[in-house]
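A.B. asks: Here's a structure for you.
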Amino acid sequence: MEAHEPKCAQQEAAELPLVSSIDASAGPADLSTILESLEPREGGKQTSGGGGDQPIYRMPAEWEPHSACLILFPHNPNTFRVDRASEEILALALAIATHGGEAVCLLCKDASHAEGVSDRLRGFLPKGSCAPIGVGVCPSDDTWARDTAPTFVFCRGRNDQRNRLIGMDWTFNAYGGPEEGAYWPCKRDQRIARAICSETTVAVDPALRGAHGGLGSGSLAGSLSISGSLSVPLVLEGGSFHTDGEGTLLTTAECLLNPNRNPHLSREDIEAVLKRALGVSVVLWLPYGLRNDHDTNGHVDNFCAFVRPGHVVLAWTDNEDEGGDEEDGDATNYERCRAAQKYLESHTDAMGRTIEITRLCLPDPPLAYTEEEAATIGQPSTGDSDAAALARLPNEPMAASYVNYYVANQAVLVPQFAAPGESTDHDRSLRETDQRALDTLRLLYPNRTVVGVPSREILLGGGNIHCQTQQVPAFVEQGGFR
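In full-length UniProt numbering, the protein residues as written are 1 to 482.
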């Protein structure tokens, strides 16, 4: 593990040093090594238990206040139809910044890309409008901020009550490594979390800043009160878990126990790390994610999410054939939804509460790649410097879900799949489920504006709105721990 302090952090460092000699890239780490990476270290020597102040961590729930939302701007033609996906990302960023009351930072692959995105952003905004949206440079192979940007947590000592906001820098292997991953290579992606918490800078056009943007030009870490990053040698992605902020974590066994992640660790080992690093006491292991979520092996953020402590929203279908049949031995979505419901009904959260479940419809009819879509993505060209992605096939089902939404300070941004203006039976039916999803979420989030955002182009890359975003919790100097 290595720990990294930002060059220009605004807040004064607290007493707990983020220093270690553990190398997260040295190969699979055993449980004791991973847990050791979460202890304060000074000069390579462990300090807790010998007068040191052992840190405790807490990951805030997504509905707690944010200082900003991070988005990696699409650039890889092997993953997206880049121009079309960029339009959806700009619309998403604008919705978060205006309806959501939240600053947005668009992180681009290089300076030239950032300049183009800045120009495009100015042209995208309605004339005379402003929004707190900044543009920065953060090299990447692909653009799934939920999984490659830091998982932000509050950290404080058991004796020193002052908080620090730090980024957990998990080990990233592109969802399965060179043989089973969704794309390869991923060396740039493996450096994203560290970069965001240290050297990344951002430029905010004063004409676009708006009244509620806390994001300023200069050091991203300094602007957002990020103290540094902590490298943790566990293969993990941010989309593979949800927390309620009160001690309960939600995940899927299909993903976290997949042998292409941490095959040397047991379920109990992984659970021990999650509890320590994220400040939880109960981990709920749903059996599956959605069927056809081949890229991530069943991330929970596409299937089930906390609405508030003790209450989840669960993807749901009453179509017994949805997602495929049983001939290949893989459970249908009909079975997966019911297996999750059965599991949740038989477990309680960290506070001893039974878990309330609200069903959120899946898109109907299910979505699949068209011939045109399959022919234009997932096909790396000769000499392409971008990461090669999974090939897509015509009529290949996609893991489309409305659960893949983002909760901003004042809004909930929800995927929408019907083609605007189309009047086919297919799109009319999709428009109905798009609306049903919005109606359900409006009941669940009465104090936030629920906004539908077209996102089929994002979906073509294998994820959606939640996968594209990563919230930065608003820094609080004290409190926040339960």
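By construction, the Cβ of each residue, glycine as well, lies at the ideal position given by its N, Cα and C atoms. Remember, it's a predicted structure, so these values are computed and weren't measured experimentally.
Hey, how far is the Cα of W285 from the Cα of C304?
C.D. replies: As a working note, residue 285 is residue 285 in the sequence shown. As a working note, residue 304 is residue 304 in the sequence shown. Distance between the alpha carbons of W285 and C304: 11 Å.
A.B. asks: Enumerate in chain order the residues of its own chain whose CB-to-CB distance from H75 is below 8 Å, with the five nearest sequence positions on each side excluded.
C.D. replies: What you label residue 75 is simply residue 75 of the sequence shown in a count that begins at 1. Counting only Cβ-Cβ distances below 8 Å, and skipping sequence neighbours, we find V82, C108, K109, H113, S140, T143, D386.
A.B. asks: Among the residues of its own chain, which have a CB less than 8 Å from the CB of R191, if the five just before and after it don't count?
C.D. replies: Translated into positions along the sequence shown, residue 191 becomes position 191. P139, listed in sequence order.
A.B. asks: Let me check understanding here. Comparing Cα to Cα, which of G289, Y445, E62 lies closest to A399?
C.D. replies: The count along the sequence shown starts at 1 and reaches residue 399 at position 399. Nearest of G289, Y445, E62 to A399, Cα basis: G289.
A.B. asks: Going by Cα to Cα distance, which pick from L390, L314, D330, R84 is closest to E356?
C.D. replies: Numbered from 1 along the sequence shown, position 356 holds the residue referred to as residue 356. Comparing Cα positions, the closest option is L314.
A.B. asks: Going by the CB atoms, is the gap between S67 and A474 shorter than 8 Å?
C.D. replies: As a position in the sequence shown, residue 474 is number 474, starting the count at 1. As a position in the sequence shown, residue 67 is number 67, starting the count at 1. Between A474 and S67, the CB-CB gap stays under 8 Å.
A.B. asks: Applying the 10 Å Cβ sphere with the 16-neighbour rule, what's the burial state of L70?
C.D. replies: Walking along the sequence shown from the start, residue 70 turns up at place 70. The residue is buried, with at least 16 neighbouring Cβ atoms inside 10 Å.
A.B. asks: Just tell me which of Y369, I34, N409, T354 has its CA closest to the CA of A391.
C.D. replies: The residue labelled residue 391 in the question sits at position 391 within the sequence shown. Considering only alpha carbons, the answer is Y369.
A.B. asks: Looking at the structure shown, is L38 part of a helix, part of a strand, or coil, going by DSSP?
C.D. replies: By one-based count along the sequence shown, residue 38 stands at place 38. Here L38 sits in coil by DSSP.
A.B. asks: Please classify Q435 as buried or exposed, where buried requires at least 16 neighbouring CB atoms within 10 angstroms.
C.D. replies: As a first step, residue 435 must be located in the sequence shown, where it is residue number 435. Under this definition Q435 is an exposed residue.
A.B. asks: Within 10 angstroms of its Cβ, does T382 collect 16 or more other Cβ (buried), or is it exposed?
C.D. replies: If you number the sequence shown from 1, residue 382 lands on position 382. Caution applies to T382, whose pLDDT of 47 falls short of 50 and renders its modelled position unreliable; the value that the coordinates give is listed next. Answer is exposed; the Cβ neighbour count stays below 16.
A.B. asks: According to DSSP, H466 sits in a beta bridge with which residue or residues?
C.D. replies: Locating residue 466 in the sequence shown gives position 466, counting from the first residue. BP columns for H466 are empty, so no partner.
A.B. asks: Could you give the residue range of the beta strand (DSSP E) that holds P454?
C.D. replies: Locating residue 454 in the sequence shown gives position 454, counting from the first residue. For P454, the enclosing beta strand (DSSP E) begins and ends at 449-454.
A.B. asks: Distance, Cα to Cα, L234 vs T171?
C.D. replies: On the sequence shown, position 234 is the one that residue 234 refers to. On the sequence shown, position 171 is the one that residue 171 refers to. Taking C-alpha positions only, L234 is separated from T171 by approximately 5 Å.
A.B. asks: For my contact list, V153 and R58 are in at a C-beta cut-off of 8 Å; report their separation, rounded to the angstrom.
C.D. replies: For the purposes of this step, residue 153 is identified with residue 153 of the sequence shown, where counting begins at 1. For the purposes of this step, residue 58 is identified with residue 58 of the sequence shown, where counting begins at 1. Right, their Cβ atoms sit about 6 Å apart.
A.B. asks: Consult DSSP for R308 and reduce its assignment to one of helix, strand or coil.
C.D. replies: Walking along the sequence shown from the start, residue 308 turns up at place 308. Here R308 sits in strand by DSSP.
A.B. asks: Measure the alpha-carbon distance for D53 versus E39 and round it to whole angstroms.
C.D. replies: The sequence position of residue 53 within the sequence shown is 53, counting from 1. The sequence position of residue 39 within the sequence shown is 39, counting from 1. Cα to Cα, D53 sits roughly 9 Å from E39.
A.B. asks: Judging by CA-CA distance, which residue of P263, V403, A419, F73 is the nearest neighbour of V300?
C.D. replies: Position 300 of the sequence shown holds residue 300. Answer by Cα proximity: V403.
A.B. asks: Nearest CA to the CA of A437: which residue from T317, P150, T251?
C.D. replies: Within the sequence shown, the letter at position 437 stands for residue 437. If we check each option's Cα against that of A437, T317 comes out closest.
A.B. asks: State the start and end residues of the unbroken beta strand (DSSP E) segment that holds I89.
C.D. replies: Counting from one through the sequence shown, the residue named residue 89 turns up at place 89. Run containing I89: none in the beta strand (DSSP E); it sits in the alpha helix (DSSP H), 82-98.
A.B. asks: Report the option in E371, L362, A374 whose CA atom is closest to the CA atom of R431.
C.D. replies: Residue 431 sits at position 431 when you count from the first residue of the sequence shown. It is L362.
A.B. asks: Mind checking which residues open and close the beta strand (DSSP E) that includes P55?
C.D. replies: On the sequence shown, residue 55 is found 55 positions in, with the first residue counted as 1. Where P55 is concerned, the enclosing beta strand (DSSP E) stretches over 55-58.
A.B. asks: Would you mind working out which of K342, E36, A85 sits nearest residue 500, comparing C-alpha positions?
C.D. replies: For the chain, the structure presents residues 1 to 482; residue 500 sits outside this window and is missing.
A.B. asks: Can you grab the Cα-Cα spacing for the pair E199 / C130, in whole Å?
C.D. replies: Here residue 199 refers to the residue found at position 199 when the sequence shown is read from its first residue. Here residue 130 refers to the residue found at position 130 when the sequence shown is read from its first residue. Between E199 and C130, the C-alpha separation is close to 27 Å.
A.B. asks: Given this structure, state the Cα-to-Cα distance separating N258 from N297, to the nearest angstrom.
C.D. replies: By one-based count along the sequence shown, residue 258 stands at place 258. By one-based count along the sequence shown, residue 297 stands at place 297. Spanning the two alpha carbons is a distance of roughly 8 Å.
A.B. asks: Run the proximity test for S227: is its beta-carbon closer than 7 Å to any non-hydrogen atom belonging to the ligand ADP?
C.D. replies: The ligand content of the structure shown is nil, which means the ligand ADP is not present either.
A.B. asks: Thinking Y183 and A174 are a contact (beta carbons under 8 Å), I'd like their distance in whole angstroms, please.
C.D. replies: As a first step, residue 183 must be located in the sequence shown, where it is residue number 183. As a first step, residue 174 must be located in the sequence shown, where it is residue number 174. With a Cβ gap of about 5 Å, Y183 and A174 count as contacting.
A.B. asks: Looking only at DSSP bridge pairs, what is R164 linked to?
C.D. replies: Taking the sequence shown and counting its residues from 1, one reaches residue 164 at position 164. In the DSSP output, where bridge partners are listed per residue, R164 has C155.
A.B. asks: Consult DSSP for V117 and reduce its assignment to one of helix, strand or coil.
C.D. replies: By one-based count along the sequence shown, residue 117 stands at place 117. Helix.
A.B. asks: Run through the DSSP bridge pairs and tell me what P397 is partnered with.
C.D. replies: Your numbering for residue 397 matches position 397 in the sequence shown. Note: P397 sits in a beta bridge opposite A368.
A.B. asks: Below 8 Å on the Cβ atoms is my guess for A331 versus R276; work out the distance and round it to an integer in Å.
C.D. replies: As a first step, residue 331 must be located in the sequence shown, where it is residue number 331. As a first step, residue 276 must be located in the sequence shown, where it is residue number 276. Going by Cβ atoms, the distance from A331 to R276 rounds to 32 Å, so no, they are not a contact pair.
A.B. asks: Measure how close the beta-carbons of V204 and S217 come, nearest whole angstrom, since I'm counting them as under 8 Å.
C.D. replies: The residue labelled residue 204 in the question sits at position 204 within the sequence shown. The residue labelled residue 217 in the question sits at position 217 within the sequence shown. At roughly 5 Å, the Cβ-Cβ gap stays under 8 Å, so V204 and S217 are in contact.
A.B. asks: Just to confirm, is the Cβ distance from A374 to P394 under 8 Å?
C.D. replies: Walking along the sequence shown from the start, residue 374 turns up at place 374. Walking along the sequence shown from the start, residue 394 turns up at place 394. Taking 8 Å as the Cβ cut-off, A374 and P394 qualify as a contacting pair.
A.B. asks: In the DSSP assignment, what residue or residues form a beta bridge with V403?
C.D. replies: In the sequence shown, counting from the first residue as 1, residue 403 sits at position 403. DSSP lists no partner for V403.
A.B. asks: Pairs of beta-carbons, one from the segment 405-424 and one from the segment 334-350, closer than 8 Å: are there three or more?
C.D. replies: no
A.B. asks: Tell me, to the nearest whole angstrom, how far the beta carbon of L274 is from that of F241; I am working on the premise that it is less than 8 Å.
C.D. replies: Taking the sequence shown and counting its residues from 1, one reaches residue 274 at position 274. Taking the sequence shown and counting its residues from 1, one reaches residue 241 at position 241. Correct: roughly 7 Å between the Cβ atoms.
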